[in-house]
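Asker:
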Amino acid sequence: MRYVEELKEKLGREPTFVELQAFSVMWSEHCGYSHTKGYIRKLPKIGVGGNAGVVSLDEYYSVAFKIESHNHPSAIEPYNGAATGVGGIIRDVLAMGARPTAILDSLHMSRVVNGIVEGIADYGNSIGVPTVGGELRISEHYKHNPLVNVLAAGIVRHDLMVESKANRPGQVIVIFGGATGRDGIHGASFASEDLTGEKATKLSIQVGDPFAEKMLIEAFLKMVEEGLVEGAQDLGAGGVLSATSELASRAGLGAVVHLERVPLREKGMLPWEILISESQERMAVVTSPNKVERILEIAKKHLLFGNVVAEIVEEPIYRVLYGDELVMEVPIGLLTDAPEEPILDYIPGDVPQFQRVVFEDVNAGFVFEQYDHMVGTDTIVPPGFGAAVMRIKGNLGYSLVTHSRADLAIQDPYWGTYAAVLEAIRKTLAVGAKPLAITNCVNYGDPDVDPVGLAAMMTALKDACEFSGVYVASGNASLYNTYMGRPIPPTLVVGVLGKIDPRKVVRPKPSKVYAVGWPDFDLSREKKLWEVIEKLTDEGYFVLSSSRLLTRTHVETFREFGFSVKVRLPEVLPLHQMVLVFGDDPKVDIPSREIGQLSR
Numbered sequence: 001m002r003y004v005e006e007l008k009e010k011l012g013r014e015p016t017f018v019e020l021q022a023f024s025v026m027w028s029e030h031c032g033y034s035h036t037k038g039y040i041r042k043l044p045k046i047g048v049g050g051n052a053g054v055v056s057l058d059e060y061y062s063v064a065f066k067i068e069s070h071n072h073p074s075a076i077e078p079y080n081g082a083a084t085g086v087g088g089i090i091r092d093v094l095a096m097g098a099r100p101t102a103i104l105d106s107l108h109m110s111r112v113v114n115g116i117v118e119g120i121a122d123y124g125n126s127i128g129v130p131t132v133g134g135e136l137r138i139s140e141h142y143k144h145n146p147l148v149n150v151l152a153a154g155i156v157r158h159d160l161m162v163e164s165k166a167n168r169p170g171q172v173i174v175i176f177g178g179a180t181g182r183d184g185i186h187g188a189s190f191a192s193e194d195l196t197g198e199k200a201t202k203l204s205i206q207v208g209d210p211f212a213e214k215m216l217i218e219a220f221l222k223m224v225e226e227g228l229v230e231g232a233q234d235l236g237a238g239g240v241l242s243a244t245s246e247l248a249s250r251a252g253l254g255a256v257v258h259l260e261r262v263p264l265r266e267k268g269m270l271p272w273e274i275l276i277s278e279s280q281e282r283m284a285v286v287t288s289p290n291k292v293e294r295i296l297e298i299a300k301k302h303l304l305f306g307n308v309v310a311e312i313v314e315e316p317i318y319r320v321l322y323g324d325e326l327v328m329e330v331p332i333g334l335l336t337d338a339p340e341e342p343i344l345d346y347i348p349g350d351v352p353q354f355q356r357v358v359f360e361d362v363n364a365g366f367v368f369e370q371y372d373h374m375v376g377t378d379t380i381v382p383p384g385f386g387a388a389v390m391r392i393k394g395n396l397g398y399s400l401v402t403h404s405r406a407d408l409a410i411q412d413p414y415w416g417t418y419a420a421v422l423e424a425i426r427k428t429l430a431v432g433a434k435p436l437a438i439t440n441c442v443n444y445g446d447p448d449v450d451p452v453g454l455a456a457m458m459t460a461l462k463d464a465c466e467f468s469g470v471y472v473a474s475g476n477a478s479l480y481n482t483y484m485g486r487p488i489p490p491t492l493v494v495g496v497l498g499k500i501d502p503r504k505v506v507r508p509k510p511s512k513v514y515a516v517g518w519p520d521f522d523l524s525r526e527k528k529l530w531e532v533i534e535k536l537t538d539e540g541y542f543v544l545s546s547s548r549l550l551t552r553t554h555v556e557t558f559r560e561f562g563f564s565v566k567v568r569l570p571e572v573l574p575l576h577q578m579v580l581v582f583g584d585d586p587k588v589d590i591p592s593r594e595i596g597q598l599s600r
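Residue numbers (this note's numbering): 1 to 600.
Below, the structure written as structure tokens:
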């Protein structure tokens, strides 16, 4: 365990075996964010935080959204690693009281790994949540460390939003969902070390059950609708330990946990195994004792297990019992407040002359055609053209996009990250949406070997958000993406949420094609480009924004819809400020020239 000497000092004694297991989870990078907390604190924030970020759309509705990684599990066990990544992020959104309505992914691999794609497809399709977009980056840089980042979003009425904490002594915590087994034990600590580490085995990988997740979604939303849920958290990394301790600690309270009450599916599980198991499809609900009977009734009706597992107490202690046996007792703040590594002040240089680092130009249609993007019938813009657009009702909708520029960040992690934010905003504007908020996943190598690169990425995220006025609502960090000490490129995946009137979405039609903008990059021109994109979409032009201008995915997607695109693409630098505009004679006050046509 990384911080064992610090733990001894704070406890004032030698930690017990169970305490070592517990703190190795809670103080892991995956749960404790030791290397990134200082940087996260400096980011400009928006919305309501919790299990996911929540951003208001109008006087009635908000969008809960978040992106998370399941990189390490997907490297060892592609199918279950990717599938449970979908399940976990769906529950983060659900825990805010939101009905999950959309999934996007961001996949970085050395080749298309069918198990990863099938895991995402099977899980999302089975629970009835459409996978509506994403990105696929193919490069040998990810041969041993594929990146599987999944973004989920959901809609919640303001009056039904759920807090991610308890709020008074006397409340209880009900855990319901699937039964608990040994799968996923030490999954969080495994995700916080080199893939060649001692925990890199399939024993650390959770096994998903999407049909149980579907029942969990409906049961939880029924509880929310009936006013039974006073706080909630999904059981992801750290299992019972993480969920119960964090729900209590966020309110400055304590918890008494009874492990013998946790529904099990394996015989002979030891108390510490029950405590930290990361078995999937489970939720923790904070409620009043008089509401418990109805909660358990709803869980049973949906074929789920459930029981009261903990009580909220005023004393800020975390006490774990197994029958009459005291398993563990520590100050709750010590458990949930992981040690924090110092952060670096990073001063960026000028934008470099980027060289072209080749990521394979593949048709991502091979991937997204396996996803059901139309389930729910609210998908307005299908995958393949950029940002996804989803309808809520009438003239209210939202857009989502995932985007990254590791090809630039491997050369300059600051400007590569900065560019990813700017380009994700361009893609949002290109479908006619107003950018509202950002979620991000910081995928990085070893911050102990190279802390400067991490500082550059986090500083760039902060600076780009301040420049754009689009702030961070949620995020995730996945560090130690290394194999035999070799790191991945610095890869920050940006997810941007936008607000849009779905009736005004522009669809492609036979027209001329124009290249609008500049073949190189100058930050002082960026907001001018945004103004032009907004003007063009308002006037009914179809706009494509891409770092490659036009990709194989675009071409094949046009073909799927009966179009043929014939253009002579201009030469652009790896970092440029140019978009493609489909229509006749766009009137703009920046460089523009006709380059071809889109025809039937």
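The beta-carbon is built from N, C-alpha and C at its ideal position, and this holds for glycine as well.
Keep in mind the model is a prediction, meaning the values are calculated, not measured.
Three Cβ pairs or more, each shorter than 8 Å: is that satisfied between the region 267-283 and the region 232-245?
Answerer: As far as the Cβ criterion goes, the region 267-283 touches the region 232-245, which means the pair count is three or higher.
Asker: When we look at the beta-carbon of Ile595 and count the other beta-carbons within 10 Å, is it buried (16 or more) or exposed?
Answerer: Buried, because 16 or more other Cβ atoms sit within 10 Å of the Cβ of Ile595.
Asker: Cβ of Gly133 within 8 Å of Cβ of Pro383?
Answerer: Against a cut-off of 8 Å, the Cβ pair of Pro383 and Gly133 comes out as a contact.
Asker: With DSSP as the reference, please indicate the residues paired to Thr482 in a beta bridge.
Answerer: Paired residues: Pro487.
Asker: Using 10 angstroms around the beta-carbon of Met484, count the other beta-carbons present and answer buried if the total reaches 16, otherwise exposed.
Answerer: Exposed.
Asker: CB-CB under 7 Å to Asp412, same chain, minus the five flanking residues each way: which ones, in chain order?
Answerer: So the qualifying residues of the chain are Pro352.
Asker: Measuring straight from C-alpha to C-alpha, what distance separates Ser379 and Thr101?
Answerer: For the record, residue 379 in the displayed sequence is Thr; it is not Ser. Rounded to whole angstroms, Thr379 to Thr101 spans 10 Å at the Cα level.
Asker: Closer than 6 Å by C-beta to Arg319: which residues in its own chain qualify, once you throw out the five before and the five after it? Chain order, please.
Answerer: Excluding positions up to five away in sequence, the list reads Val256 and Glu329.
Asker: Ends of the alpha helix (DSSP H) at Trp27?
Answerer: No alpha helix (DSSP H) contains Trp27, which DSSP labels as neither H nor E.
Asker: Would Glu29 be called buried (16 or more neighbouring beta carbons within 10 Å of its own) or exposed?
Answerer: Counting Cβ neighbours within 10 Å, Glu29 comes out buried, since at least 16 surround it.
Asker: Roughly how many whole angstroms lie between the Cα atoms of Val421 and Val579?
Answerer: C-alpha separation (whole angstroms): 16 Å.
Asker: Along the chain, where does the beta strand (DSSP E) that runs through Asn71 open and close?
Answerer: Where Asn71 is concerned, there is no enclosing beta strand (DSSP E), although the alpha helix (DSSP H) it sits in stretches over Asn71 to Ile76.
Asker: Whole-angstrom Cβ separation of Gly85 and Val156, contact assumed at under 8 Å?
Answerer: Not a contact, Cβ separation roughly 22 Å.
Asker: With distance defined between alpha-carbon atoms, name the residue in Leu216, Ser126 and Pro490 nearest to Ala460.
Answerer: Closest option to Ala460, Cα to Cα, is Pro490.
Asker: Closer than 6 Å by C-beta to Ala191: which residues in its own chain qualify, once you throw out the five before and the five after it? Chain order, please.
Answerer: Low local confidence applies: a pLDDT of 49 at Ala191 is under 50, so the model's placement there is unreliable, with the coordinate-based value given in what follows. If we look at Ala191 and ignore the five residues flanking it on each side, its Cβ neighbours are His30 and His72.
Asker: Is the Cβ-Cβ distance between Ile312 and Leu253 less than 8 Å?
Answerer: In this structure, Leu253 lies closer than 8 Å to Ile312 by Cβ.
Asker: Alpha carbon to alpha carbon, how far is His144 from Ala75?
Answerer: His144 and Ala75: Cα-Cα distance of roughly 7 Å.
Asker: Determine whether the beta carbon atoms of Glu135 and Thr402 lie at a separation below 8 Å.
Answerer: Against a cut-off of 8 Å, the Cβ pair of Thr402 and Glu135 comes out as a contact.
Asker: When the Cα atoms are used, what is the spatial distance from Ser189 to Pro508?
Answerer: With a pLDDT of only 48 at Ser189, under 50, the local geometry of the prediction cannot be trusted, and no value is derived from it.
Asker: According to DSSP, simplified to helix, strand and coil, what is Phe582?
Answerer: Correct three-state label for Phe582: strand.
Asker: Go ahead and pull the three-state DSSP assignment for Pro591.
Answerer: Pro591: coil per DSSP, three-state reduction.
Asker: Compute the Euclidean distance between the alpha carbons of Met215 and Lys301, then round it to the nearest angstrom.
Answerer: Met215 and Lys301: Cα-Cα distance of roughly 9 Å.
Asker: Going by alpha carbons, who is nearest to Pro331 out of Tyr322, Glu341 and Glu315?
Answerer: Ranking the options by Cα distance to Pro331, first place goes to Glu315.
Asker: Use the C-beta contact count for Tyr39: other C-beta atoms within 10 angstroms, 16 or more gives buried, fewer gives exposed.
Answerer: With 16 or more Cβ atoms within 10 Å of its Cβ, Tyr39 is classed as buried.
Asker: In terms of residue numbering, what span does the beta strand (DSSP E) encompassing Ser564 cover?
Answerer: It spans Ser564 to Val567 - the beta strand (DSSP E) in which Ser564 sits, taken as one unbroken run.
Asker: Going by C-alpha to C-alpha distance, which of Tyr514, Pro510 and Val63 sits closest to Leu497?
Answerer: Ranking the options by Cα distance to Leu497, first place goes to Val63.
Asker: Taking the continuous alpha helix (DSSP H) assigned at Asp105, which residues delimit it?
Answerer: Segment Arg99 to Met109 is the beta strand (DSSP E) holding Asp105; no alpha helix (DSSP H) there.
Asker: Please check the pair Pro586 and Leu549, which I expect to be a contact at CB under 8 Å, by giving their CB distance rounded to whole angstroms.
Answerer: Not confirmed; about 16 Å, so no contact.
Asker: In the DSSP assignment, the alpha helix (DSSP H) including Thr379 goes from what residue to what residue?
Answerer: Careful: Thr379 lies outside any alpha helix (DSSP H), inside the beta strand (DSSP E) at Thr379 to Val381.
Asker: Cα-Cα, which of Ile317, Ala515 and Ser478 is closest to Pro169?
Answerer: Ranking Ile317, Ala515 and Ser478 by Cα distance to Pro169 puts Ile317 first.
Asker: Going by DSSP, name the residue or residues bridged to Trp518.
Answerer: Bridge partners of Trp518: Gln577.
Asker: Buried or exposed, going by whether 16 or more other CB atoms sit within 10 Å of the CB of Lys66?
Answerer: Burial call: buried.
Asker: Helix, strand or coil: how does DSSP classify Ser62 here?
Answerer: Note: Ser62 maps to strand in three-state DSSP.
Asker: Using a Cβ-Cβ cut-off of 6 Å (strictly less than) and excluding sequence neighbours within five positions of Pro210, which residues of its own chain qualify?
Answerer: Excluding sequence neighbours, Pro210 sits near Tyr123, Ser126 and Ile127.
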